[in-house]
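Shown next, in structure tokens, is the structure this report addresses.
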Amino acid sequence: MDSVITVEGLVKSYGSFTALHGLDLQVARGEVHGFLGPNGAGKSTTIRVLLGLLRADAGRVEVLGGDPWHDVVELHRRLAYVPGDVSLWPALTGGEAIDLLGNLRGGLDETRRAHLIERFELDTTKRGRQYSKGNKQKVALVAALCSDVELLILDEPTSGLDPLMEMVFQEEIEAEKARGRSVLLSSHILSEAEALADRVSIIRDGVVVETGTLDQLRHRTRTQVRATLERAPHTVEELALLEDAHLDGTHVSGAVEADRVGEAMALLGRYGITSLTVSPPSLEDLFLRHYGEGNSVAGDAGHVGRHAKPEA
Ligand code: ADP
13 MDSVITVEGL
23 VKSYGSFTAL
33 HGLDLQVARG
43 EVHGFLGPNG
53 AGKSTTIRVL
63 LGLLRADAGR
73 VEVLGGDPWH
83 DVVELHRRLA
93 YVPGDVSLWP
103 ALTGGEAIDL
113 LGNLRGGLDE
123 TRRAHLIERF
133 ELDTTKRGRQ
143 YSKGNKQKVA
153 LVAALCSDVE
163 LLILDEPTSG
173 LDPLMEMVFQ
183 EEIEAEKARG
193 RSVLLSSHIL
203 SEAEALADRV
213 SIIRDGVVVE
223 TGTLDQLRHR
233 TRTQVRATLE
243 RAPHTVEELA
253 LLEDAHLDGT
263 HVSGAVEADR
273 VGEAMALLGR
283 YGITSLTVSP
293 PSLEDLFLRH
303 YGEGNSVAGD
313 AGHVGRHAKP
323 EA
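The end of the sequence shown is residue 324 by the numbering used here, with every number in the run present.
This is the structure in structure tokens:
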């Protein structure tokens with residue numbers, strides 16, 4: 013794989029608290045990679061290591077072929093980063109901030125700059141201190157998307173955008189992908205990742221617990237089946253192929269492993285099918301499998317979202 017990001021066995025502690033426990037992550041060139049997990053899972057810590065802002069305690073980290081800790085200046089000309097909580101220079105206008113950010117990177121594309129300002133309905137004449145959270149985020153997004161860079165690292169980039177702007181964001185990320193850019197998109201908005209990501213990695217308690225295309229991940233989870241039959245089975249045991257099968261007269265529901273859907277259809281077909289719904293698991297189902305109650309992979313330290321971030 014031609015990778016823009018390779019992370020192997022990354023360990024990072026804050027004092028005695030270990031935030032990342034040997035994290036692996038690979039982002040292929042040209043893909044949008046969803047980096048998913050709830051608050052406190054370790055997404056931002058990973059991203060700060062990728063940006064050369066934090067030094068890894070152990071493990072291998074390569075970004076665009078370099079070591080982010082040593083090649084930080086060179087790297088920041090080739091990537092653009094948008095955090096969830098953007099700070100701007102208080103006295104610079106949005107337009108000046110976009111130009112400054114673009115020039116710190118590899119330069120910017122003026123046509124694309126104008127297009128993005130219009131799409132995001134951004135008033136570029138206001139000063140940094142006058143913008144709302146959402147508008148600061150738009151300034152940072154426009155600057156990132158019109159910069160001449162190979163890699164976009166976006167950490168919860170739409171947390172302040174309204175649904176209309178979220179749609180604009182999704183369309184513009186598709187456009188970036190079509191231009192061959194690679195994107196690491198950290199998010200807790202699953203529909204955003206479902207719409208955009210070629211592959212996703214799910215992080216839990218500082219390790220990646222699942223990685224692959226949505227289809228691959230779906231394959232590891234059960235498909236829900238609901239049917240109305242012409243003739244009722246005598247007992248639910250006749251439908252043993254279905255897990256958690258429920259029979260109510262001629263109505264049947266249950267779940268089946270992805271590679272046994274065909275067998276399940278053949279079984280139901282014997283009773284005559286009058287209506288049928290087959291639902292592959294959504295990203296939310298996959299996610300909840302890792303985060304559902306009592307499903308801890310890292311022991312008691314692993315309750316999601318309970319670690320309070322100390323005040324800076
Ligand atoms: P996410 O981005 O997924 O919300 P973070 O990487 O911000 O997760 O945090 C991972 C864990 O590290 C959390 O338990 C958080 O409280 C802890 N953490 C983050 N930053 C610091 C810090 N500067 N000092 C101590 N602990 C931190």
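Beta carbons are placed, not taken as given, at the ideal position from N, Cα and C, and that holds for glycine.
Check: residue i C-beta below 7 angstroms from any heavy atom of ligand 1
i      : result
Thr339 : Nothing in the structure corresponds to residue 339, since the chain is present only between 13 and 324.
Gly49  : yes
Gly54  : yes
Tyr26  : yes
Asn299 : Just to set this straight, residue 299 is Phe in the shown sequence, not Asn. The answer is no for Phe299.
Ala31  : yes
Thr326 : For residue 326 there is no data in the structure shown, the boundaries of the chain being 13 and 324.
Thr57  : yes
When the options are compared against residue i, the one with the closest alpha-carbon
i      : options                        : result
Leu65  : His258, Gly77, Asp83, His263   : Asp83
Phe29  : Arg124, Gly218, Tyr303         : Gly218
Gly146 : Val195, Pro95, Leu112, Thr123  : Pro95
Met13  : Ala152, Ser171, Gln38, Asp174  : Gln38
Ser171 : Ile129, Gly140, Leu153         : Leu153
Ser198 : Leu87, Val180, Val44, Leu298   : Val44
Ala31  : Arg89, Gly261, Asn51           : Asn51
Leu280 : Leu300, Ala239, Pro293         : Ala239
Glu188 : Leu63, His200, Ser15, Leu166   : Leu166
Gly261 : Met179, Val161, Glu242         : Glu242
Leu196 : Val237, Thr286, Ala40          : Ala40
Pro329 : Ile59, Leu100, Thr247          : Outside the shown range of the chain (13 to 324) lies residue 329, about which nothing can therefore be said.
Gly78  : Ile17, Ile214, Leu157          : Ile17
Gly54  : His200, Ala257, Asp210         : His200
Asp97  : Ser56, Leu298, Val264, Gly284  : Ser56
His88  : Ala257, Leu100, Tyr283, Asn115 : Asn115
Val161 : Glu86, Leu173, Arg72, Thr223   : Glu86
Glu122 : Thr137, Leu157, Gly284         : Leu157
Asp297 : Val61, Ser287, Ile214          : Ile214
Presumed contact (8 angstroms Cβ cut-off) between residue i and residue j, rounded CB distance
i      : j      : result
Leu163 : Leu48  : Leu163 to Leu48, Cβ: 19 angstroms. No contact.
Val23  : Gly34  : 6 angstroms
Ser159 : Arg216 : No, Ser159 and Arg216 are not in contact; Cβ-Cβ is about 32 angstroms, not under 8 angstroms.
Leu128 : Glu184 : 7 angstroms
His231 : Ala270 : 5 angstroms
Glu255 : Gly266 : 6 angstroms
Gly46  : Pro102 : In fact, because the Cβ distance is near 33 angstroms, the residues do not count as touching under 8 angstroms.
Asp69  : Ser25  : 6 angstroms
Tyr93  : Leu63  : 6 angstroms
Residue j beta carbon less than 8 angstroms from that of residue i
i      : j      : result
Leu253 : Val268 : yes
Val221 : Asp36  : no
Pro245 : Leu259 : yes
Ser194 : Gly42  : yes
Leu76  : Arg90  : yes
Val151 : Thr235 : no
Phe132 : Met179 : no
Leu113 : Leu104 : no
Pro169 : Gln149 : yes
Ala205 : Leu295 : yes
Pro293 : Thr233 : yes
Asp182 : Ala155 : As written in the sequence, residue 182 is Gln, which differs from the Asp given in the question. No, they are not a contact pair.
Ile110 : Arg125 : yes
Gly106 : Tyr143 : yes
Ala276 : Val237 : yes
Residue i: first and last residue of the uninterrupted beta strand (DSSP E) it sits in
i      : result
Val151 : Counting along the chain, Val151 falls outside any beta strand (DSSP E), though it belongs to the alpha helix (DSSP H) covering 145-158.
Lys24  : 15-26
Ser198 : 194-199
Leu35  : 29-40
Val237 : 235-241
His45  : 44-48
His246 : Here His246 belongs to no beta strand (DSSP E), and DSSP marks it neither H nor E.
Glu168 : Counting along the chain, Glu168 falls outside any beta strand (DSSP E), and DSSP gives it neither H nor E.
Thr289 : 285-291
Ala68  : From DSSP, Ala68 is part of no beta strand (DSSP E); its letter is neither H nor E.
Glu255 : 255-260
Bounding residues of the alpha helix (DSSP H) (the contiguous stretch that carries residue i)
i      : result
Gly281 : 273-281
Glu184 : 175-190
Ser203 : 202-208
His88  : 84-88
Arg301 : 295-303
Thr57  : 55-62
Arg232 : Looking at the DSSP string, Arg232 is not in any alpha helix (DSSP H), and its letter there is neither H nor E.
Glu222 : Here Glu222 belongs to no alpha helix (DSSP H); instead the beta strand (DSSP E) covers 219-224.
Gly114 : 106-116
Ala103 : Premise fails: Ala103 is in no alpha helix (DSSP H) and is neither H nor E.
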